[in-house]
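J.: Following my numbering, the residues of the sequence shown are numbered contiguously, the last one being 308.
Can you read through this structure? Questions will come right after.
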Amino acid sequence: MEPIYFKPAFSHKPWGGSALREVWGYDEAGDDIGECWAVSAYKGMEASVDGGEFDSLTLKELWETKKELFNYQEGEAFPLLVKIINAEDDLSIQVHPDDDYAKEHEGVPFGKTECWYILDCEGEGSIIAGHHAKSRDEMRQMIESGDFKSFISEIRVHPGDFIMIEPGTLHAIKGGITLLEIQQSCDLTYRIYDYDRLCNGKKRELHLEKGMDVMNVPDDNLMSTIKHDRNLETELLLADNKYFKVKRICVKGELYLQAEGDYTIVSVIEGSGTLSGHPIKKGDNLILPYGFGSFELKGACKVILTSN
Ligand code: ZN
């Protein structure tokens, strides 16, 4: 059985930059590259297979026609999405709905639980996660009066920090951060604040009512939930919930592992080596299909394994 390599889709953003090409080696032009959709079956932003038996098929087509690769997992759409995000400038402050809200109010199959592994910070990195309002009334009053300075909770982060962003958590990536995002395959974002920026002469749309509807209150203690990866362990469990299990693996020399779940996504975030003889390098994202079994990692690299 062969690992399946992917060619990503890219999204250009007003807050993007050139690091995804210059630091990560992706073949994408422009100085406003914000997001690499590395493993994606999302409509219009599908990653496609790069080489091998299934060359050029999109992940959506694989999911729909080669169900054995995913252990015949049920569901109309591939449920996960892995991105690398490079923010030169601050992203808008936003919140996502959960599955129930997404189905009921938006007619889409998934809400958005996401998590971030910080890859790089230019200078002092920070994110926004949570807020200081103590009640829904106070949340509304702070948002409507534009008092975002006292409302939002800004948290310092460093490379190797990992945080879960649950549905309903107010959040934003700040400029200077590159991170790996693992999320449910959903693109529903309720924008709460965009720093009053103009984009092509206009402010981007806000979604205050829906955003306030889904926001967790209170939600003031996210700093304590951050895991700090000091690269001390060969294998570190980062998340294990009903949507995904995420581990960080450090390879120095050789290591034997077992593919888990219905399939395993391998995201190489540092260095290079081989996976059971197949070359892997920083920026590569591949899927080990169901039944891949045990595999060998060799070289000097760091990978994130996501299984479902
Ligand atoms: Zn988000």
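Backbone N, C-alpha and C define an ideal beta-carbon position, used for all residues, glycine too.
Please say whether residue 179 and residue 304 have beta carbons closer to each other than 8 Å?
T.: For this step, residue 304 is matched to residue 304 along the sequence shown. For this step, residue 179 is matched to residue 179 along the sequence shown. Going by C-beta atoms, residue 304 is not nearer than 8 Å to residue 179.
J.: What is the rounded straight-line gap between the Cα of residue 147 and the Cα of residue 124?
T.: Within the sequence shown, numbered from 1, the residue matching residue 147 stands at position 147. Within the sequence shown, numbered from 1, the residue matching residue 124 stands at position 124. Distance between the alpha carbons of residue 147 and residue 124: 24 Å.
J.: If the criterion is Cβ atoms closer than 8 Å, does the pair residue 3 and residue 287 meet it?
T.: Counted from its first residue, the sequence shown places residue 3 at position 3. Counted from its first residue, the sequence shown places residue 287 at position 287. In this structure, residue 287 lies closer than 8 Å to residue 3 by Cβ.
J.: With DSSP run on the structure shown, which of helix, strand or coil describes residue 54?
T.: By one-based count along the sequence shown, residue 54 stands at place 54. In the structure shown, residue 54 sits in coil (DSSP, three-state: anything other than H, G, I, E or B).
J.: Count the other CB atoms, across all protein chains shown, that sit within 10 Å of the CB of residue 230; report buried if there are 16 or more and exposed otherwise.
T.: Taking the first residue of the sequence shown as position 1, residue 230 is located at position 230. Result: exposed.
J.: Near ligand 1, which residues have their beta-carbon less than 7 Å from any of its heavy atoms, given in chain order?
T.: In chain order, the hits are 94, 96, 112, 114, 165, 171, 189.
J.: Hey, residue 41 and residue 8: beta-carbon distance below 8 Å or not?
T.: Your numbering for residue 41 matches position 41 in the sequence shown. Your numbering for residue 8 matches position 8 in the sequence shown. Not a contact, by the Cβ cut-off of 8 Å.
J.: Identify every residue that forms a DSSP beta bridge with residue 125.
T.: Counting from one through the sequence shown, the residue named residue 125 turns up at place 125. Beta-bridge pairing links residue 125 to 157.
J.: Considering Cα atoms alone, identify which of 103, 101, 285 is closest to residue 182.
T.: Counting from one through the sequence shown, the residue named residue 182 turns up at place 182. It is 285 whose Cα lies nearest to the Cα of residue 182.
J.: Can you tell me which residues form a DSSP beta bridge with residue 164?
T.: Taking the first residue of the sequence shown as 1, we reach residue 164 at position 164. Paired residues: 115.
J.: Using the C-alpha atoms, what's the distance from residue 140 back to residue 36?
T.: Numbered from its first residue, the sequence shown carries residue 36 at position 36. Numbered from its first residue, the sequence shown carries residue 140 at position 140. Roughly 34 Å between the two C-alpha positions.
J.: Measure the CB-CB distance between residue 62 and residue 82 and report whether it falls below 8 Å.
T.: As a position in the sequence shown, residue 62 is number 62, starting the count at 1. As a position in the sequence shown, residue 82 is number 82, starting the count at 1. The answer is no: Cβ separation not under 8 Å.
J.: Rank 261, 33, 192 by C-alpha distance to the C-alpha of residue 20 and give the top, closest one.
T.: Numbered from its first residue, the sequence shown carries residue 20 at position 20. Checked all of 261, 33, 192; the closest Cα to residue 20 is 33.
J.: Apart from the five residues just before and just after residue 210, which ones in its own chain have a Cβ nearer than 6 Å to its Cβ?
T.: By 1-based counting over the sequence shown, the position of residue 210 is 210. Taken in chain order, the residues that qualify are 190.
J.: Identify which residue in 152, 282, 25, 195 has its Cα closest to the Cα of residue 266.
T.: Your numbering for residue 266 matches position 266 in the sequence shown. Among 152, 282, 25, 195, the Cα nearest to that of residue 266 is on 282.
J.: Would you report the Cα separation of residue 10 and residue 29, rounded to the nearest angstrom?
T.: Taking the sequence shown and counting its residues from 1, one reaches residue 10 at position 10. Taking the sequence shown and counting its residues from 1, one reaches residue 29 at position 29. Distance between the alpha carbons of residue 10 and residue 29: 10 Å.
J.: CA-CA distance, residue 51 and residue 6?
T.: Counted from its first residue, the sequence shown places residue 51 at position 51. Counted from its first residue, the sequence shown places residue 6 at position 6. Distance between the alpha carbons of residue 51 and residue 6 is about 8 Å.
J.: Counting only the same chain and skipping the five closest in sequence on each side, list residues whose C-beta sits under 6 Å from that of residue 89.
T.: Here residue 89 is taken as the residue at index 89 of the sequence shown, counted from 1. Only 15, 175 meet the Cβ criterion.
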